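Here the sequence shown stands for residues -11 to 297, where the numbers follow my numbering.
A virtual CB, placed ideally from N, CA and C, is assigned to each residue, including glycine.
All figures in this text were calculated on a predicted structure; none of them were measured in a lab.
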Amino acid sequence: MTRTMMSSVRIPVTGGGSSEAGGTSSDARRCDRQSHIVGTLLMPQETPVGFLTIHPATATPARFYTNFAEYAVARGLAVLAYDVRGVAASGPAREHPQLRMRDWMQQDANAVAAWTRCEFPELPKVALGHSLGGHALLLGNGAEDLHGIVTVGTARAALRDIAPLSERLRVGLILRALGPLISPLVGYAPGRRLGLGEDIPTAAMLEWGRWVRMSEYFFDDPSLGATARMARLRTPVLATGASDDNWASPAQIDALLDHVRLAEVERRTFTPRELEVRRIGHHGLLRRSVAESAWPEIVSWLLERILQN
């Protein structure tokens, strides 16, 4: 088995701080923290055949992707997983109150891509985006020189599409009521206590809560320009999901992909029966205990895109 060499990296985000100019020295220190992303770089002992960047889901830390990353390294890829600013190792959330979801998708994803191009210019690049990370890639962020994109559970995430009703009501309560109410009071969105994963910045919670109320999610936000941006993507895409994902059903994934006009898109839906597990859900495809048997197909697709180019 390929030996994995793992190290922590600090990635600058140019102009990424959200503090206003002319603030106090405390503001300046906060801005400096906000202008860096902490990532985990995994390298095979041999020369890698390509470079895979894993763009995370909302409130999901980089450490969650370690097992999948190690599998990809064993197949010959160098891998970078990272925490967006205000989450886990790139936090804490309370020190990044003005960071929005669009800042993660635009500033963070592009900063990571720029870092990989600078540090590993000779390696062909591919990427995997989980949920929000897939949104970032399909909108063209960090996709400039990619040979292939895999999305996992990336869908039109409007609240109206979530099923069953009990889950829709739970998510609606968190994103439309509890999160927007609590976050400004405590200075961050307590994702752990709300059952969303890691804590996230207040502005991210408020923007998320606004987007889920829109029938077409962020496509209904003219300030993002999502429809035009997604229509311009040309990088081949493998869009994967789980048949039992309440947050990203096959129909929700298809609704999102309707906006991809130029790129070649392949669809793959995994079922619990196929993987011989009780449930997959929104995170299961990247859990070793649930979906390790699906990983060869996903990584092989990425390696094929590298070989074709």
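Item to complete: Can you give me the start and stop residues for the alpha helix (DSSP H) that I294 sits inside?
Response: Here the question's residue 294 lines up with position 306 in the sequence shown. Counting along the chain, the unbroken alpha helix (DSSP H) around I294 starts and ends at 283 to 296.
Worksheet item: Bridge partners of L173, per DSSP?
Response: Residue 173 sits at position 185 when you count from the first residue of the sequence shown. Beta-bridge pairing links L173 to no other residue.
Worksheet item: Given E58, which residues of its chain have a CB within under 6 Å of its CB, disregarding the five upstream and five downstream residues?
Response: Numbered from its first residue, the sequence shown carries residue 58 at position 70. Excluding residues within five positions, the ones whose Cβ falls inside 6 Å are T(-8).
Fill in: Beta-bridge partners of M(-7), as assigned by DSSP
Start at 1 with the first residue of the sequence shown, and residue -7 comes out as number 5. Listed as beta-bridge partners of M(-7) by DSSP are M31.
Worksheet item: Can you give the Cα-Cα distance for W369 and V(-3), rounded to whole angstroms?
Response: The structure shown does not extend to residue 369, since the chain is modelled only from -11 to 297, so the question has no answer here.
Worksheet item: For the region 279 to 294 against the region 95 to 108, are there 3 or more C-beta pairs whose distance is under 8 Å?
Response: When C-beta atoms of the region 279 to 294 are compared with those of the region 95 to 108, fewer than three pairs fall below 8 Å, so the two segments do not count as touching.
Worksheet item: Quick one: complete beta strand (DSSP E) runs, 3+ long, within the region 54 to 95?
Response: 65 to 71, all fully within the region 54 to 95.
Fill in: Beta-carbon contacts of A69 that lie in its chain and below 6 Å, excluding the five residues immediately before and after
Here residue 69 is taken as the residue at index 81 of the sequence shown, counted from 1. The beta carbon of A69 lies closer than 6 Å to those of T28, I42, A50, Y53, A57 in the same chain, with the five residues before and after it left out.
Item to complete: With a threshold of 16 other CB atoms inside 10 Å of the CB of A239, please say whether the residue is buried or exposed.
Response: For the purposes of this step, residue 239 is identified with residue 251 of the sequence shown, where counting begins at 1. By the Cβ neighbour-count rule, A239 is exposed, with fewer than 16 other Cβ atoms within 10 Å of its own.
Worksheet entry | For P44, the three-state DSSP class (helix, strand or coil) | Along the sequence shown, read from residue 1 onward, the residue named residue 44 stands at position 56. In the structure shown, P44 sits in coil (DSSP, three-state: anything other than H, G, I, E or B).
Worksheet item: When we look at the beta-carbon of P210 and count the other beta-carbons within 10 Å, is it buried (16 or more) or exposed?
Response: Along the sequence shown, one-based indexing puts residue 210 at 222. Classification for P210: exposed.
Practice prompt. Compare the beta carbon distance of G136 and P36 with 7 Å and say whether it is the shorter of the two.
Written response: Within the sequence shown, numbered from 1, the residue matching residue 136 stands at position 148. Within the sequence shown, numbered from 1, the residue matching residue 36 stands at position 48. Not a contact, by the Cβ cut-off of 7 Å.
Worksheet item: CB P44 to CB G121, shorter than 7 Å?
Response: Reading the sequence shown from its first residue, position 56 is the one you call residue 44. Reading the sequence shown from its first residue, position 133 is the one you call residue 121. Judged by beta-carbon spacing, G121 lies within the 7 Å limit of P44, meaning their Cβ atoms are closer than that value.
Discussion item. Buried or exposed for R293, going by 16 or more other Cβ atoms inside 10 Å?
Written reply: Looking up residue 293 in the sequence shown gives position 305. It is buried - the Cβ of R293 has at least 16 other Cβ atoms within 10 Å.
Practice prompt. Look up L134 in the DSSP assignment and give the residues it is bridged to.
Written response: Within the sequence shown, the letter at position 146 stands for residue 134. L134 pairs with K113.
Discussion item. I need the boundaries of the beta strand (DSSP E) containing G179, first residue and last residue.
Written reply: Position 191 of the sequence shown, counted from the first residue, corresponds to residue 179. In the DSSP annotation of this structure, G179 is not part of any beta strand (DSSP E); the continuous alpha helix (DSSP H) holding it starts and ends at 179 to 182.
Worksheet item: Counting Cβ pairs, one atom from each stretch, are 3 or more of them under 8 Å apart for the region 262 to 271 and the region 237 to 253?
Response: No, the region 262 to 271 does not touch the region 237 to 253.
Item to complete: Report the residue from A60, L153, A251, D96 whose alpha carbon sits nearest the alpha carbon of M31.
Response: Within the sequence shown, the letter at position 43 stands for residue 31. When A60, L153, A251, D96 are compared, the shortest CA-CA separation from M31 is found for A60.
Discussion item. Please return the same chain residues whose Cβ sits closer than 7 Å to the Cβ of P172, not counting the five positions on each side in sequence.
Written reply: Residue numbering aside, residue 172 sits at position 184 when the sequence shown is read from its first letter. The residues are T190.
Worksheet item: Can you tell me the Cα-Cα spacing of P178 and H24, whole angstroms?
Response: Numbered from its first residue, the sequence shown carries residue 178 at position 190. Numbered from its first residue, the sequence shown carries residue 24 at position 36. Rounded to the nearest angstrom, the gap between the Cα atoms of P178 and H24 is 22 Å.
Worksheet item: Using DSSP with H/G/I as helix, E/B as strand and the rest coil, what is G229?
Response: Position 241 of the sequence shown, counted from the first residue, corresponds to residue 229. Strand, per DSSP.
Practice prompt. From the DSSP output, read off the bridge partner residues of G38.
Written response: As a position in the sequence shown, residue 38 is number 50, starting the count at 1. L65, per the DSSP bridge assignment.
Worksheet item: Sorted by chain position, which residues of the same chain lie with C-beta nearer than 6 Å to F207's C-beta, five sequence neighbours on each side aside?
Response: Translated into the one-based positions of the sequence shown, residue 207 becomes position 219. These residues qualify, in order along the chain: A214, T215.
Worksheet item: Can you give the beta carbon distance from V114 to T228, rounded, assuming they're within the 8 Å contact cut?
Response: The count along the sequence shown starts at 1 and reaches residue 114 at position 126. The count along the sequence shown starts at 1 and reaches residue 228 at position 240. About 14 Å separates the Cβ atoms of V114 and T228, ruling out a contact at the 8 Å cut-off.
Discussion item. Give me, in chain order, the residues of the same chain whose beta-carbon lies closer than 8 Å to that of L291; leave out the 5 immediate sequence neighbours on both sides.
Written reply: In the sequence shown, the residue the question calls residue 291 occupies position 303. Once the five neighbours on either side are set aside, the close Cβ partners of L291 are V37, G38, R63, G64, L65.
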